[in-house]
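Structure first, then comments.
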Amino acid sequence: MSTQDIAQAKEVARAELDRKLERILDFSHKLHQNPEPGWEEVKASAWISEELRAVPGARVTHGLGELPTAVRAELGHGPLVLTICAEYDALPGVGHACGHNVIASAALGAFTALAPLVDQLDATVRLLGTPAEENGGGKIVMLEQGDFDGTHAAMMVHPGDVDNASMRPFACTGVKVRYQGRSAHASARPFEGINALDAMTIALTSIGLARQQFREGQQIHGFVEGAGTAPNVIPESASGTWMARAHDVDSLNEVMAVLRRCFDAGAVATGATLHFEEVGKAYLEMRDDDSMRDLFMANSAALGRELEPVGLRGGSTDMANVSHYYPTIHPMLSLGKECPPIHNAAFADAAASAAGDKAVRDGALAMAMTCIDLALDPRQRERLMTLGAKN
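Numbering (the numbering used here), first residue to last: 197 to 587.
The structure is reproduced here in structure tokens:
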């Protein structure tokens, strides 16, 4: 396929996206106005399924395996499988402060833009709606139950306060912690109590001291959910949620060992019983496909959006787990020069702004154009098909 043929295909994708853009942006704003936390994306998954069914030729399944809010849509039947991931869960209390309405809408836009080209691409274009990225690792479950099977390349875009071709997330895992003590009157008979809050205080102090010996990139953070009910009653229970992060899984295991020892210390010192439970699935470190990243950068530049090759390390994502199985990219698209960092109310506002809408279009078109490159450039296609045969 000639360079001119690829350029013409990209113009077809651009025209198709722009023809459907108003509807796609309406979908983005509807998601934004109706935030749902992970595993509870009932409306979001139904709405994206409805939008996908409106794409000519799309084969749509709502509910996959054990995940009722997961979605799969496919166009075409070609041997090269290009998977675009959509996230649509929100954060409790601050809504779409991670901009997943932008992510889902950009994925929908890329899928829509490629619809008239799928036969020319001789590819299967797949969109996967992936629940609970924030708190549960929906993509990891989907990997385990085979929803990514056959993929030759996977991609998504994420809004942020920077333009980066590569996200550099930490490996991450979470824990739920609860100390069980024994209540007593705090004045009359305190000696009969076992103070769960004291146990938690010792654990917090231990974590603070342990940080001095952490390796670069190792982190622990969390919050106390509750401890006690009244000031004159010895707290019989204290609970919290914590996260450990590190550059890679081996380093993460070191942090988890420290975290467990710190909570053990509270139990040993006070006599409280410790309940320590890892929650969700461990998120891995990201492995970007360099060729796909370079193509996405070039396509973004053609749209007037210049991306830095690599950003600062931060956050975690279950898309990183996908990257351990398939060639993957996870670019970050800025919502403007004055955009605040993610995970706060101001960023949620930005995700529904004109800058958020621009990120939807730019992300959708850059992904569609990258898919065209991967399918029509003989070297890229052969590379991906060869890698797929080894998976």
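Ideal Cβ positions, reconstructed from N, Cα and C, are used throughout, including at glycine.
One or two residues paired with residue i in a DSSP bridge
i, result
"Gln200", "DSSP output for Gln200 lists no bridge partner at all."
"His165", "Lying outside 197 to 587, the shown extent of the chain, residue 165 is not represented and no answer is given."
"Arg364", "Arg509"
"Asp484", "Thr524"
Where residue i falls, given that 16 or more other Cβ within 10 Å makes a residue buried
i, result
"Leu508", "exposed"
"Leu405", "exposed"
"Phe387", "exposed"
"Lys477", "buried"
"Ser198", "exposed"
"Glu412", "exposed"
"Lys533", "exposed"
"Val298", "buried"
"Gly253", "exposed"
"Phe492", "buried"
"Pro288", "exposed"
"Ala562", "buried"
"Asp222", "exposed"
"Gly467", "exposed"
"His417", "exposed"
"Ala269", "buried"
"Phe419", "exposed"
"Arg407", "exposed"
"Arg385", "exposed"
"His354", "buried"
"Glu504", "exposed"
"Val464", "exposed"
"Val506", "exposed"
"Arg575", "exposed"
"Asp486", "exposed"
"Gly342", "exposed"
"Asp446", "exposed"
"Gln484", "Correcting the residue identity first, residue 484 is Asp in this sequence and not Gln. By the 10 Å Cβ count, Asp484 comes out buried."
Option in the options with minimal Cα separation from residue i
i, options, result
"Glu382", "Leu531, Ile416 and Pro427", "Looking at the sequence provided, one finds Ala at residue 382 rather than Glu. It is Pro427."
"Asp514", "Glu330, Ala461, Pro386 and Ala468", "Glu330"
"Thr566", "Gly295, Leu499, Thr397 and Asn540", "Leu499"
"Asp553", "Thr257, Ser530 and Arg411", "Ser530"
"Arg557", "Ser245, Ile430, Leu217 and Val464", "Leu217"
"Arg249", "Leu304, Leu317 and Ala293", "Leu304"
"Met482", "Asp444, Arg456 and Val454", "Asp444"
"Gly370", "Val358, His348 and Asn449", "Asn449"
"Met581", "Gly532, Pro275, Phe543 and Val314", "Pro275"
"Glu340", "Ile299, Ala367 and Leu260", "Leu260"
"Gly333", "Thr320, Cys368 and Ala302", "Cys368"
"Ala293", "Leu221, Gln576, Cys535 and Asp569", "Cys535"
"Thr265", "Glu212, Glu247, Gly325 and Leu583", "Gly325"
"Glu237", "Asn391, Ala384 and Asp285", "Asp285"
"Asp201", "Glu232, Gln316 and Asp460", "Gln316"
"Thr593", "Val454, Cys458 and Leu393", "With the chain covering 197 to 587 only, the question about residue 593 has no answer from this structure."
"Ala402", "Met563, Ala380 and Ala453", "In the sequence as presented, Ala is not what sits at residue 402; that position holds Ser. Among Met563, Ala380 and Ala453, the Cα nearest to that of Ser402 belongs to Ala453."
"Asp569", "Ser224, Ser379, Pro505 and Ser496", "Ser496"
"Ala434", "His225, Ala328 and Arg378", "Arg378"
"Arg215", "Cys281, His258, Tyr375 and Thr308", "Thr308"
"His228", "Ala560, Asp545, Ala461 and Leu572", "Asp545"
"Ala551", "Pro505, Val358, Trp243 and Cys281", "Val358"
"Ile244", "Asn360, Gly295 and Ala300", "Ala300"
"Met352", "Arg457, Pro431 and Leu278", "Leu278"
"Tyr375", "Thr469, Pro231 and Ser447", "Thr469"
"His526", "Lys335, Arg364, Ser224 and Glu232", "Arg364"
"Phe472", "Glu246, Met396 and Asn517", "Met396"
"Leu263", "Gln414, Gly234 and His539", "Gly234"
"Pro312", "His539, Arg210 and Gln415", "Arg210"
"Ile280", "Phe459, Ala205 and Thr347", "Thr347"
First through last residue of the alpha helix (DSSP H) which encompasses residue i
i, result
"Met338", "Gly334 to Glu340"
"Met351", "Looking at the DSSP string, Met351 is not in any alpha helix (DSSP H); the run it does join, the beta strand (DSSP E), is Ala349 to Met351."
"His296", "His296 to Leu310"
"Gly404", "Ala392 to Ala406"
Where the beta strand (DSSP E) through residue i begins and ends
i, result
"Ala319", "Ala319 to Gly325"
"Ala367", "Ala367 to Gln376"
"His589", "Absent from the model: residue 589. The displayed extent of the chain is 197 to 587, so no value can be given."
Length-filtered (4 minimum) alpha helix (DSSP H) runs lying within the stretch 415 to 474 = The stretch 415 to 474 contains these whole alpha helix (DSSP H) runs: 445 to 466.
Segments of 3+ residues assigned as beta strand (DSSP E) that fall wholly inside the stretch 499 to 558 | 528 to 530
Residue ranges of each beta strand (DSSP E) run of no fewer than 3 residues wholly in the stretch 230 to 292, ordered along the chain?
-> Taken in chain order, the complete beta strand (DSSP E) segments of 3 or more residues contained in the stretch 230 to 292 are 255 to 260, 263 to 271 and 276 to 282.
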